[in-house]
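**Q** Count along the sequence shown starting at 1, add 184, and that's the number in the working numbering. Glycine included, each C-beta is placed from N, C-alpha and C at the ideal position.
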Amino acid sequence: MSSSLFSRPAWTGIVVCAAILALLPILNLAFDPGHALHVSSYTVALIGKFMCYAMAALALDLVWGYTGILSLGHGVFFALGGYAHGMYLMRAIGKDGVYQSHLPDFMVFLDWKTYPWYWSFTDNFWYCMALVVLVPGLLAFVFGYFAFRSRIKGVYFSIITQAMTFAFMLLFFRNDTGFGGNNGFTDFKRLLGFTLSAPETRAALYLLTLAMLVGALLLCRWIVTSKLGRVLQAVRDSESRLMFIGYNPLWFKLFVWTLSAVLCGIAGALYVPQVGIINPSEMSPGTSIEMVIWAAVGGRGTLIGPIIGAFSVNGLKSWFTAAFPDLWLFALGLIFILVTLFMPQGLLGLTKRLRKNTEAA
């Protein structure tokens, strides 16, 4: 880990950025539209979405940047956390749906008469919050155990993670799985009795997301600067040498892989009520690849870099898809190629290199 990354000026920058982000929903509520200090509801919702993406990128950096495990399937953990929370939000709609039934509209449309067994207890908020953690965590633990025990690594591991997320995407696209098929979950009304469309509710969700992002950053930093973090970096740099001196990498890799999946699931759960929809497209291989690009653009193995990358790439995406909607994927591919060739350490590495050149001059 770069010592300069968490120097006093760096921490000052993190605190200032967090304070500015926390101020945005306050300005949205405190000032009327048209006022010079007013921040639009659209901007607040957009930044809230970016923070969810940043948390997912941070989770990926924990396994890729520090442990050397390149995952092309983190989109499935993000989506499963979103679906677990979405189940509660769908139950909270009650009879306010189009068909005024206690069942979600998509189930009524498909002529379902009752909830499937795996929807049991999903009207309980805390049960669904447990699912947000347990479902991605259990999937990651089982998948990781068999993969790491078989010593699958490198590009082979990346390929099977992509196959996993593609398989889940196809499964959730089916109408008979009970998750809304192609349309997924949408038209949410309430969360814990609070109206989701209310500015105060959206501000609370935004601030909760910011708090979770900062908490995840502190947790990841504590891990990578501990003895455990040194072992994880040894796994990345020379796993065979680590085994030679008596360590079993399996459980270290499994721990960080499962924790990363849980963080991704929490990010997905925070994403759903702010964006208002969750569907199988969040499980597409392209979504997982975008997460890798966020980490690469910002600078993997730095923790703060992937957060910067997630904000930068998604900010550019918001502008690009409005100005040139048909060209975004080409632009995204070009960004990844340019970063790989000319900025292998990402934006943070480029900043550090420019600073050194300035000091040398």
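Roughly how many angstroms lie between the CA atoms of Arg386 and Phe332, to the nearest whole one?
**A** Here residue 386 refers to the residue found at position 202 when the sequence shown is read from its first residue. Here residue 332 refers to the residue found at position 148 when the sequence shown is read from its first residue. Roughly 41 Å separates the two Cα atoms.
**Q** Would you mind sorting Arg358 into buried or exposed? The rule is 16 or more other CB atoms within 10 Å of its CB.
**A** As a first step, residue 358 is located in the sequence shown; it is residue number 174 there, counting from the start. Answer is exposed; the Cβ neighbour count stays below 16.
**Q** Going by C-alpha distance, which of Ile407, Gly257, Gly266 is nearest Val317?
**A** Residue mapping note: residue 317 aligns to position 133 of the sequence shown, counting from 1. It is Gly266.
**Q** Taking C-alpha atoms, which residue in Gly252, Pro300, Asn212 lies nearest to Trp441?
**A** Translated into positions along the sequence shown, residue 441 becomes position 257. For the residues Gly252, Pro300, Asn212, the minimum Cα distance to Trp441 belongs to Gly252.
**Q** If contacts are defined as beta-carbon pairs under 8 Å, then Gly460 and Leu264 qualify, I think. What distance do you get, rounded to the angstrom?
**A** In the sequence shown, residue 460 corresponds to position 276, counting from 1. In the sequence shown, residue 264 corresponds to position 80, counting from 1. About 18 Å; that fails the 8 Å criterion.
**Q** DSSP state of Thr379, grouped into three classes?
**A** Numbered from 1 along the sequence shown, position 195 holds the residue referred to as residue 379. Correct three-state label for Thr379: strand.
**Q** Here's the rule: buried if 16 or more other CB atoms are within 10 angstroms of the residue's CB, otherwise exposed. What is Asn212?
**A** For the purposes of this step, residue 212 is taken as the residue at position 28 of the sequence shown. Buried is the call here.
**Q** Leu246 CB to nearest chain C CB: under 8 Å?
**A** No chain C is present in this structure, which holds just one protein chain.
**Q** Please report how far the alpha carbon of Val247 lies from the alpha carbon of Asp216, in whole angstroms.
**A** For the purposes of this step, residue 247 is identified with residue 63 of the sequence shown, where counting begins at 1. For the purposes of this step, residue 216 is identified with residue 32 of the sequence shown, where counting begins at 1. Approximately 44 Å between the Cα atoms of the pair.
**Q** Around the Cβ of His219, are there at least 16 other Cβ atoms within 10 angstroms (buried) or fewer (exposed)?
**A** The residue given as residue 219 occupies position 35 in the sequence shown. With fewer than 16 Cβ atoms within 10 Å of its Cβ, His219 is classed as exposed.
**Q** What residues in its chain sit with their C-beta under 7 Å from that of Val446, if we drop five residues either side in the sequence?
**A** By one-based count along the sequence shown, residue 446 stands at place 262. Around Val446: Val317, Pro320, Gly321.
**Q** With respect to 7 Å, is the separation between the Cβ of Gly328 and the closest non-hydrogen atom of the ligand HEM below this value?
**A** Among the ligands in the structure shown, none appear at all, so the ligand HEM cannot be discussed.
**Q** Going by the CB atoms, is the gap between Gly365 and Trp303 shorter than 8 Å?
**A** The residue you call residue 303 lines up with position 119 of the sequence shown. The residue you call residue 365 lines up with position 181 of the sequence shown. In this structure, Gly365 does not lie closer than 8 Å to Trp303 by Cβ.
**Q** Can you have a look at Pro490 and say buried or exposed, based on whether 16 or more other CB atoms are within 10 angstroms of its CB?
**A** The residue you call residue 490 lines up with position 306 of the sequence shown. That one is buried.
**Q** Once DSSP output is grouped into helix, strand and coil, what is the label at Arg374?
**A** The residue you call residue 374 lines up with position 190 of the sequence shown. Three-state DSSP puts Arg374 in a strand.
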